[in-house]
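Participant:
Protein chains in written order, with our numbering: chain A, 6 to 223; chain B, 6 to 223.
#1: For residue 139 (chain A), collect the residues of the same chain with a Cβ closer than 6 Å to its Cβ; drop the 5 residues on either side in sequence, then sort them by chain order.
#2: Runs of 4 residues minimum, wholly inside the region 93-125 of chain A: which ones carry the alpha helix (DSSP H) assignment?
#3: If I follow the unbroken alpha helix (DSSP H) through residue 51 (chain B), where does it start and stop?
#4: Got a sec, what are the start and stop residues for the alpha helix (DSSP H) residue 206 (chain B) sits in?
#5: Would you please verify whether the beta carbon of residue 187 (chain B) is less than 8 Å from any beta carbon of chain A?
#6: Assign residue 55 (chain B) to one of two classes, buried (16 or more other C-beta atoms within 10 Å of its C-beta) or exposed (fewer than that).
#7: Jot down the residue ranges of each uninterrupted alpha helix (DSSP H) in the region 17-66 of chain B, minimum 4 residues, whole runs only, in chain order.
#8: Tell me the residue span of the alpha helix (DSSP H) that contains residue 156 (chain B).
#9: With distances taken Cα to Cα, identify the nearest neighbour of residue 18 (chain A) among A:48, A:63, A:105 and A:37.
#10: Does the Cβ of residue 16 (chain A) have 16 or more other Cβ atoms within 10 Å, making it buried, or fewer, making it exposed?
#11: Would you mind stating whether residue 150 (chain B) and residue 85 (chain B) have Cβ atoms separated by less than 8 Å?
#12: I want to know whether the region 108-117 of chain A touches the region 188-204 of chain A - three or more CB-CB distances under 8 Å.
#13: Report the residue from B:31, B:142 and B:60 whose alpha carbon sits nearest the alpha carbon of residue 106 (chain B).
#14: Just by C-beta distance, which residues in the region 29-44 of chain A are closer than 8 Å to chain B?
#15: For the candidate residues A:181, A:71 and A:148, whose alpha-carbon lies nearest to that of residue 127 (chain B)?
#16: Can you look up residue 79 (chain B) in the DSSP assignment and give me helix, strand or coil?
#17: Do residue 12 (chain A) and residue 63 (chain A) come within 8 Å of each other at the CB atom, strictly closer than that value?
#18: Rounded to whole angstroms, what is the Cα-Cα separation between residue 116 (chain B) and residue 179 (chain A)?
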């Protein structure tokens, strides 16, 4: 390895460490409470070294957005009917809420972040648009499989509510004093979103939901 | 009127003006972007005069919370069945969302405000507890009037979703780029919450919802 290669590797490693530590600090303390000086300090590097890699905090946030986008783009379940469709949907919601938890700093003060950074708001809205289309397509396939009974207008309103509840679930939990976000919080969130879909389910799908949801309902 | 009375009246007027102007600025610019100096400046009074009335910004926020609490405590509709129950419920949601709009600074950065001020978080949670109980009682009365078909566990999950969607509706609208919060935004929010309840409605209540909701569905 030449010296230049060594430097490049070291530099890339520093860059990756800055991103990892920023994510950790943003999530734990809230993005607005963390400065670039805090990040440098926490890594034991100089502010100058940090600025060599990132112009400012917003650039760090934007670079963290790419892996978040990859995580939140969970591939939707394949079309299925009956109980299988319900388990697939439940798992899908679970993975989505886990991704939100891992990048929860984006969801705290979301309004603030989005109004400060137009690019971020546009990227976030594109995610919401894609998710809306995914939920509508999933519902359409459940209707086609006779696992759901709902009109197109009902499905659109349902999809919007699915997005609102999943986007703000962790904020609501934090407000209510559940800030640990363990598996239990995420499972409760997936149930809460499933509860939006449940009244439209029919037949085996509905029965399967009732069985799976029993422990949350009681 | 004695001079002392005159001073007292003037002092109370200044206090009220500070609260009004703070609410306006917090709502328009976001609470975190507004300092006590901004408020004094906007009113053309000295910072010292403002500090004579309020120790700090958090005290202003807490004092604004009392009229907000009064506004959000919309009396729930009297038990009714059929179409009447639906119109009452719809009006109730409308008034609640209007109150949220008038004090929207509390809902932006809600997580931040609540984690900074424990007392405020507790008061906010008591509102949510009361609303949850109100929604459960409303659903129970709809079930008793045979306007709704839902089990107790379903009603609890539904009430939680009603609270999440109404709490975060304006944040979601702002994120999606609708920041005007006119009548249209509030009506759309009331529909979005009604859409949570709709699949549990039966008979005349359901038909009435379908008629009223037609313009949102299409």
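Glycine included, every Cβ here is placed at the ideal spot set by N, Cα and C.
Facilitator: If we stick to the structure as given:
#1: Mapped onto the first chain, residue 139 (chain A) falls at position 134. Once the five neighbours on either side are set aside, the close Cβ partners of residue 139 (chain A) are 81.
#2: Counting whole runs of 4 or more residues, the region 93-125 of chain A contains the alpha helix (DSSP H) stretches 115-121.
#3: Residue 51 (chain B) sits at position 46 when you count from the first residue of the second chain. From DSSP, residue 51 (chain B) is part of no alpha helix (DSSP H); its letter is neither H nor E.
#4: To locate residue 206 (chain B), count along the second chain from 1; it is residue 201. Boundaries for residue 206 (chain B): no alpha helix (DSSP H) harbours it, and the DSSP string shows neither H nor E there.
#5: Locating residue 187 (chain B) in the second chain gives position 182, counting from the first residue. Not closer than 8 Å to any Cβ of chain A, the Cβ of residue 187 (chain B) fails to qualify, so no.
#6: Mapped onto the second chain, residue 55 (chain B) falls at position 50. The residue in question, residue 55 (chain B), is buried, as its Cβ has 16 or more Cβ neighbours within 10 Å.
#7: 41-48 and 52-58
#8: Along the second chain, read from residue 1 onward, the residue named residue 156 (chain B) stands at position 151. Counting along the chain, residue 156 (chain B) falls outside any alpha helix (DSSP H), and DSSP gives it neither H nor E.
#9: Indexing the first chain from 1 puts residue 18 (chain A) at position 13. Cα-wise, what sits closest to residue 18 (chain A) is A:48.
#10: Residue numbering aside, residue 16 (chain A) sits at position 11 when the first chain is read from its first letter. Exposed: under 16 other Cβ atoms inside 10 Å.
#11: As a position in the second chain, residue 150 (chain B) is number 145, starting the count at 1. As a position in the second chain, residue 85 (chain B) is number 80, starting the count at 1. Closer than 8 Å, so yes.
#12: no
#13: Position 101 of the second chain, counted from the first residue, corresponds to residue 106 (chain B). When each option's Cα is compared against that of residue 106 (chain B), the closest is B:31.
#14: Answer in chain order: 35 and 37.
#15: Here residue 127 (chain B) refers to the residue found at position 122 when the second chain is read from its first residue. Cα-wise, what sits closest to residue 127 (chain B) is A:181.
#16: Along the second chain, one-based indexing puts residue 79 (chain B) at 74. In the structure shown, residue 79 (chain B) sits in coil (DSSP, three-state: anything other than H, G, I, E or B).
#17: Working through the first chain from its first residue, we reach residue 63 (chain A) at position 58. Working through the first chain from its first residue, we reach residue 12 (chain A) at position 7. In this structure, residue 12 (chain A) does not lie closer than 8 Å to residue 63 (chain A) by Cβ.
#18: Counting from 1 along the second chain, the entry for residue 116 (chain B) is found at position 111. Counting from 1 along the first chain, the entry for residue 179 (chain A) is found at position 174. The alpha-carbon atoms of residue 116 (chain B) and residue 179 (chain A) are separated by roughly 7 Å.
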